[in-house]
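Since the structure comes first, as structure tokens, the remarks are kept for the end.
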Amino acid sequence: MFPSLSRCIFNMKVENLSRKLITPSNPTPPHLEKLKISCLDQLLPPLHVSCIFYYQASAHDEPGVNNFQRSEQLQKSLSETLTIFYPLSGRYSRSSFSIHCNDQGVEFVEAQVRGCCLSQLLKGGELETKLRNQLAPSLFVPDDSPLVKVQFNMFECGGLAISVSISHVVADAFTLFTFVNAWATASRIGIEKLHRPSFELSSICPPREMHTHSVLNQGAVEENKIVTIKYVFNGTAILKLKLDAAKASADGSKLLKEEPTRVEIVTAVIWRSLIRVAQARRGYSRPSVLAIPVNMRGRAGPSIPQYCCGNFVHYAFAKFEPDDENSVQFPELVGEVHNAIRSAIKDCGEACNGDEISLMAINDTKELAETLGKDRVDGYLFSSWCRFAVYEADFGFGKPDWVSNLDNEMECFVFFMDTKDGEGIEAWVGLDDKSVLLFQQDLGILN
């Protein structure tokens with residue numbers, strides 16, 4: 022019998038048991054000891070890209086194997102995996118725009134979660150909100166910190182939560198999941214089965230001497246209390262929203278020329294509510310802009326290796342201009358999002374070389390700073406991990422029961438991830454606490 026939810030929230034505690042550095046099982050060769058970052062890496066803020074993988078204890082678990090033994094196996098396979106992901110065990114030097122691949126190691130923390138069962142956390146609600154960020158290191162870290170941090174959390178019920186955080190200077194979401202799934206494969210069946218990653222983006226888009234302004238840093242956290250709320254749109258709900266958008270478009274003057282994607286539909290739904298909440302609080306409508314990162318792999322003109330790691334995204338910008346009636350039409354927002362993403366994909370295909378890609382990235386950063394910094398425009402950053410191999414991380418004890426990100430405590434940030442069945446979308450929305458109730462009411466009306 023586990024404690025009640027209220028007692029669980031009061032008594033829960035995450036206790037760090039050990040902290041160590043895991044180094045590659047073989048030393049990095051001297052000719053690979055310095056890796057220049059790319060121009061796109063150079064523009065990223067000093068934070069980590071993080072994810073938590075949750076595994077419930079199973080009746081089918083191998084007899085006699087406890088979580089400490091699993092931890093030892095994961096440490097061993099991590100050491101082996103780092104031999105081919107060698108930059109991740111180095112340290113970043115901002116002054117030289119490079120990673121010193123000196124095998125200093127990645128951080129591995131063993132932690133015990135007390136007063137809470139994993140099954141209770143997976144039910145969501147207040148417990149999930151309070152506990153989730155204790156299962157992983159802080160998103161904001163100094164430059165000289167390990168580039169990868171792992172926290173192996175053991176629940177008293179036998180469940181596990183494994184958080185993996187990688188410095189955004191060397192990794193986007195594609196890189197994060199490429200690394201995690203390679204590590205899981207090495208743990209399950211051995212390193213011989215791994216696809217070798219590439220770290221060649223700096224040869225295509227070398228770093229530049231320039232002043233960079235990060236728009237996503239610790240200073241971006243407002244003095245208002247920021248609340249992150251989660252919504253789950255299942256596949257049936259998304260299909261209904263697609264039909265609603267198509268019907269409304271056919272009845273109006275603007276037709277949707279192509280069927281929108283799941284992400285485009287949910288983006289428009291949430292954007293509509295954000296516009297209406299801002300209008301209700303302010304008393305009038307004003308322009309609104311979305312910034313949406315788009316993965317350039319397989320879309321950019323210059324050819325890159327299939328498992329190329331690093332940052333390789335281009336931003337789409339969708340814009341809403343209010344009319345005299347201050348109306349916010351759902352199908353029109355769907356069309357704006359769809360067209361913005363298609364335009365960004367077209368830009369990627371038309372970029373003929375690394376210089377053009379670098380220039381796109383520099384312009385993206387400037388426009389993103391303007392979008393999130395203008396006083397007379399409401400700016401939002403939407404990011405999607407949908408269609409990445411999020412639920413494939415099987416370390417030898419099954420695929421995860423749930424995968425989540427961390428609360429980043431940033432207002433106007435919206436994050437998407439697939440539900441486990443691949444049909445729905447989980448959406449995390451960052452709002453100041455004065456907007457939460459209005460947003461929940463508006464989204465409920467729309468749904």
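Numbering of the sequence shown is given in my numbering, commencing with residue 22 and proceeding in unit increments. Using N, Cα and C, we set each Cβ at its ideal position, and we do this for glycine too. In this text, all values refer to a predicted model and were calculated from it rather than measured experimentally.
Span of the beta strand (DSSP E) holding residue i?
i: residue 170; result: 169-176
i: residue 255; result: No beta strand (DSSP E) holds residue 255; DSSP gives it neither H nor E.
i: residue 449; result: 446-453
i: residue 298; result: Taken as a continuous stretch (DSSP letters only), residue 298 belongs to no beta strand (DSSP E), being part of the alpha helix (DSSP H) at 283-303.
i: residue 405; result: 399-405
Between the Cα of residue i and those of the options, spot the shortest distance and give me the residue it belongs to.
i: residue 191; options: 221, 305 and 37; result: 221
i: residue 324; options: 225, 401, 283 and 358; result: 225
i: residue 142; options: 437, 423 and 463; result: 423
i: residue 59; options: 447, 461, 187 and 117; result: 117
i: residue 292; options: 91, 278, 280 and 313; result: 313
i: residue 51; options: 108, 218, 302 and 294; result: 108
i: residue 71; options: 139, 87, 161 and 228; result: 161
i: residue 252; options: 181, 332 and 145; result: 145
i: residue 265; options: 248, 387, 246 and 287; result: 287
i: residue 357; options: 281, 138, 443 and 219; result: 281
i: residue 463; options: 150, 178 and 349; result: 349
i: residue 340; options: 296, 263 and 330; result: 296
i: residue 396; options: 303, 223 and 246; result: 303
i: residue 421; options: 90, 200 and 410; result: 410
i: residue 103; options: 299, 124 and 231; result: 124
i: residue 436; options: 402, 175 and 199; result: 402
i: residue 93; options: 383, 173 and 262; result: 173
i: residue 129; options: 40, 105 and 250; result: 40
i: residue 322; options: 454, 455 and 378; result: 378
i: residue 363; options: 373, 380, 385 and 336; result: 336
i: residue 46; options: 223, 315 and 105; result: 105
i: residue 441; options: 412, 425 and 457; result: 412
i: residue 450; options: 428, 215, 439 and 149; result: 428
i: residue 218; options: 197, 34 and 209; result: 197
So, is residue i buried or exposed, given that buried needs 16 or more other C-beta atoms within 10 angstroms?
i: residue 243; result: At residue 243, the pLDDT of 48 sits below 50, so the modelled position is not reliable; the number obtained from the coordinates is stated separately. Residue 243 comes out exposed.
i: residue 368; result: buried
i: residue 153; result: buried
i: residue 432; result: buried
i: residue 370; result: exposed
i: residue 67; result: buried
i: residue 101; result: buried
i: residue 164; result: exposed
i: residue 257; result: exposed
i: residue 48; result: exposed
i: residue 238; result: Low confidence applies to residue 238: its pLDDT is 47, below 50, so where it sits in the model is not reliable, and the reading given next is rough at best. Its Cβ having fewer than 16 others within 10 Å, residue 238 is exposed.
i: residue 53; result: exposed
i: residue 211; result: exposed
i: residue 170; result: buried
i: residue 138; result: buried
i: residue 260; result: exposed
i: residue 419; result: exposed
i: residue 113; result: buried
i: residue 115; result: exposed
i: residue 283; result: buried
Quickly, what does DSSP pair residue i with across the bridge? List them, please.
i: residue 150; result: Beta-bridge pairing links residue 150 to no other residue.
i: residue 75; result: 182 and 423
i: residue 439; result: 446
i: residue 329; result: 219
i: residue 336; result: 314
i: residue 114; result: 119
i: residue 34; result: 135
i: residue 249; result: 451
i: residue 70; result: 187
i: residue 43; result: 127
i: residue 56; result: 120
i: residue 309; result: 341 and 399
i: residue 161; result: 68
i: residue 434; result: 402
Where does the unbroken alpha helix (DSSP H) through residue i begin, and where does it stop?
i: residue 370; result: 351-371
i: residue 132; result: Careful: residue 132 lies outside any alpha helix (DSSP H), inside the beta strand (DSSP E) at 127-135.
i: residue 89; result: 88-102
i: residue 394; result: 375-394
i: residue 62; result: 60-63
i: residue 197; result: 194-210
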